[in-house]
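Structure first, then comments.
Residue numbers (my numbering): 63 to 763.
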């Protein structure tokens with residue numbers, strides 16, 4: 063696997079090295095060209111300024127979180143699972159072999175329950191087979207921030223999602239070009255021990271005038287099989303990753319903005335016992351019209367997501383395995399239109415956001431090219447449409463928001479089923495052409511009795527329709543000779559959730575000094591879920607998806623806090639989750655139970671002139687986690703043990719736009735398996751990465 067380099071990858075790496083050198087040279091020449099006094103006044107490099115997130119998380123009456131690019135860098139800039147798991151109410155299914163990210167919110171994941179997006183483009187690629195029901199493929203090196211909404215979202219990006227949404231936002235030109243310049247960017251190179259190896263990235267932007275800006279980026283990494291805390295090699299964790307990013311932004315006037323984005327992801331890896339290749343191409347066209355009229359703040363966006371997974375051969379099974387040549391592709395297309403109007407009704411200020419969003423997935427699947435009828439993934443089309451309106455009335459210390467969203471889905475496809483269908487389908491071919499919709503209301507009451515204190519309460523309903531994978535799953539296991547052991551279910555009902563949120567925001571400045579800030583957000587949630595879709599077994603051992611009868615509940619507490627006084631900073635997050643969902647079945651998707659207790663904290667300090675040196679530590683701890691009775695090994699309890707980890711980070715910024723960072727991952731070399739993780743096939747060792755040192759050089763120009 064380690065030798066499976068492609069010629070484009072080698073060429074790209076060479077180009078990256080040349081661009082890196084050019085960037086350093088340009089930065090050096092710019093510095094030399096300045097007068098001596100101006101050089102002295104520049105001070106140390108200031109970090110790239112990122113343009114906020116999806117609003118201020120601590121000032122929102124929704125349970126939101128924002129992860130900045132600086133925070134991603136503090137984690138070493140390589141593992142998004144670690145970044146997201148340190149966010150309240152947010153977890154991931156951690157597959158140490160698959161390069162994708164699968165976000166879990168409040169114990170719910172997969173099959174679109176959490177809407178994952180890259181620059182607003184829905185990531186609906188999913189497959190059935192020993193893994194999470196849905197991955198997003200994005201490079202951390204390109205991320206300018208991550209916006210997380212837990213529960214009801216309200217606007218665009220929230221349609222047909224049950225538990226919330228996550229938007230991975232890549233760098234814009236405005237993030238890279240500092241004030242007074244027409245170009246900017248950065249180049250990084252990282253080396254890591256424990257087979258982390260080399261990773262490099264270059265991203266830059268140019269704005270020759272106010273009307274146009276162009277952004278481009280390239281990222282490369284090639285990690286090998288790492289060792290856990292016991293020194294055992296965790297097999298199949300090598301990868302060969304090459305990614306690209308481009309953007310063109312046109313601003314002919316203050317009222318009009320048009321942006322084209324392309325995000326390209328390529329990786330060769332070993333997972334699910336097979337060498338695989340993933341190619342993910344995401345494109346977005348975004349238009350904004352803001353004429354300065356309070357009644358018009360218009361957005362129009364169009365999307366294309368094209369993701370293909372190809373199975374090569376298996377190094378485990380004789381003859382390369384019966385799933386050789388499997389090809390799963392999904393072409394997703396969609397758009398959204400929205401407008402925000404602001405006006406007054408007497409002394410009441412009104413803000414109304416309304417619009418429509420549409421997305422279509424077209425799955426084309428070849429389960430095996432070596433043995434016909436081996437595999438369970440189905441082909442078909444799935445359309446989701448959402449019409450929404452959210453209006454906030456503000457009077458004095460009171461904000462009252464009311465929302466309505468009509469979510470609908472349309473499924474179309476065909477297949478063939480053998481005898482013994484558990485849902486009553488007659489043997490032979492069948493077809494599905496089905497539509498259904500639901501009106502989901504929401505309401506929020508928020509008060510601001512004090513400038514620094516804002517309590518709120520929310521009631522909201524959400525729903526999501528069944529997916530192509532759940533409805534059209536059918537066939538036999540690739541390693542089985544049985545004609546049909548998996549069955550479709552075209553009669554699945556949509557999942558629905560009714561939930562309450564009670565929370566409060568605390569925003570305080572000048573607490574211990576004139577320049578410090580303290581932010582704190584707390585909320586309690588309780589959701590009642592009906593028609594939860596999970597795997598079930600037939601009396602003869604077959605499997606299919608069905609709606610769980612009755613009502614399931616998920617409730618919990620989420621806390622997040624941040625303090626910064628310039629010289630010192632700290633942040634913490636805690637989540638308690640009490641989940642009573644029926645267990646998913648590992649092997650037919652994956653179970654989604656998160657640990658009851660998850661705690662993370664970051665502590666740091668800045669030293670020297672202009673705070674050029676930053677030192678800090680990160681603490682992370684989880685309690686034992688339930689995995690479901692169905693997934694427990696014979697004679698063992700259905701729990702995975704808890705664990706605690708300590709990381710260190712350091713950063714030093716030079717005057718000339720150069721900085722050096724160091725990270726120690728798993729300082730005490732703990733042996734553990736990440737909660738909610740998928741082990742390599744046939745392996746029983748702990749899969750948590752052992753102690754790893756990372757050293758990064760970064761040049762900003």
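Heads up, the beta-carbon is just placed ideally off N, CA and C, and yes, glycines get one too.
Compare the Cα-Cα distances from residue i to each of the options and report the closest residue.
| i | options | result |
| --- | --- | --- |
| residue 330 | 199, 206 and 313 | 199 |
| residue 642 | 690, 463 and 374 | 690 |
| residue 203 | 562, 217, 248 and 209 | 248 |
| residue 707 | 681, 724 and 714 | 681 |
| residue 260 | 371, 139, 168 and 376 | 139 |
| residue 606 | 659, 205, 650 and 504 | 650 |
| residue 677 | 664, 218, 168 and 235 | 664 |
| residue 619 | 660, 685, 352 and 224 | 660 |
| residue 168 | 622, 648 and 615 | 615 |
| residue 670 | 715, 727, 319 and 471 | 715 |
| residue 491 | 296, 480 and 500 | 480 |
How would you label residue i, buried or exposed, when you count the other beta carbons within 10 angstroms and need 16 or more for buried?
| i | result |
| --- | --- |
| residue 757 | exposed |
| residue 513 | exposed |
| residue 309 | buried |
| residue 328 | buried |
| residue 348 | buried |
| residue 749 | buried |
| residue 269 | buried |
| residue 11 | With the chain represented from 63 up to 763, any question about residue 11 goes unanswered, as that position is not in the structure. |
| residue 231 | buried |
| residue 361 | buried |
Give the range of the beta strand (DSSP E) segment to which residue i is assigned.
| i | result |
| --- | --- |
| residue 452 | 442-457 |
| residue 326 | 318-333 |
| residue 481 | Residue 481 -> no beta strand (DSSP E), and no H or E assigned at all. |
| residue 522 | 515-526 |
| residue 554 | First-last for residue 554: undefined, no H or E at that position. |
| residue 314 | 301-315 |
| residue 709 | 705-715 |
| residue 265 | 259-271 |
| residue 655 | Per DSSP, residue 655 belongs to no beta strand (DSSP E) and is neither H nor E. |
| residue 280 | 274-283 |
| residue 411 | 410-428 |
| residue 160 | No beta strand (DSSP E) holds residue 160; DSSP gives it neither H nor E. |
| residue 548 | Segment: none, residue 548 is in no beta strand (DSSP E) and carries neither H nor E. |
So what's residue i in DSSP terms, helix, strand or just coil?
| i | result |
| --- | --- |
| residue 491 | strand |
| residue 390 | strand |
| residue 533 | helix |
| residue 351 | strand |
| residue 373 | strand |
| residue 611 | coil |
| residue 563 | strand |
| residue 730 | coil |
| residue 599 | strand |
| residue 199 | coil |
| residue 748 | coil |
| residue 120 | helix |
| residue 356 | coil |
| residue 671 | helix |
| residue 593 | coil |
| residue 254 | strand |
| residue 215 | coil |
| residue 396 | strand |
| residue 204 | helix |
| residue 627 | coil |
| residue 692 | helix |
| residue 381 | helix |
| residue 289 | strand |
| residue 720 | strand |
| residue 185 | coil |
Could you tell me the boundaries of the alpha helix (DSSP H) in which residue i lies?
| i | result |
| --- | --- |
| residue 385 | Neither: residue 385 is in no alpha helix (DSSP H) and is coded neither H nor E. |
| residue 131 | 131-136 |
| residue 147 | 142-147 |
| residue 236 | 235-238 |
The ligand SAH and residue i: does the residue's C-beta get closer than 7 Å to at least one heavy atom of that ligand?
| i | result |
| --- | --- |
| residue 267 | By its list of ligands, the structure shown contains no ligand whatsoever, and the ligand SAH lies outside what it can speak to. |
- Item | the segment 245-257 touching the segment 275-290, judged by at least three CB pairs closer than 8 Å | yes
- How do the segment 474-485 and the segment 549-558 stand: do at least 3 beta-carbon pairs fall below 8 Å, yes or no? yes
- Message: Check whether the segment 208-216 and the segment 141-155 touch, using three or more Cβ-Cβ pairs below 8 Å as the test.
- Response: yes
- Can at least three beta-carbon pairs, one atom from the segment 442-459 and one from the segment 409-421, be found at a separation below 8 Å? yes
- Three or more C-beta pairs closer than 8 Å, one from the segment 613-632 and one from the segment 577-584: is that the case here? yes
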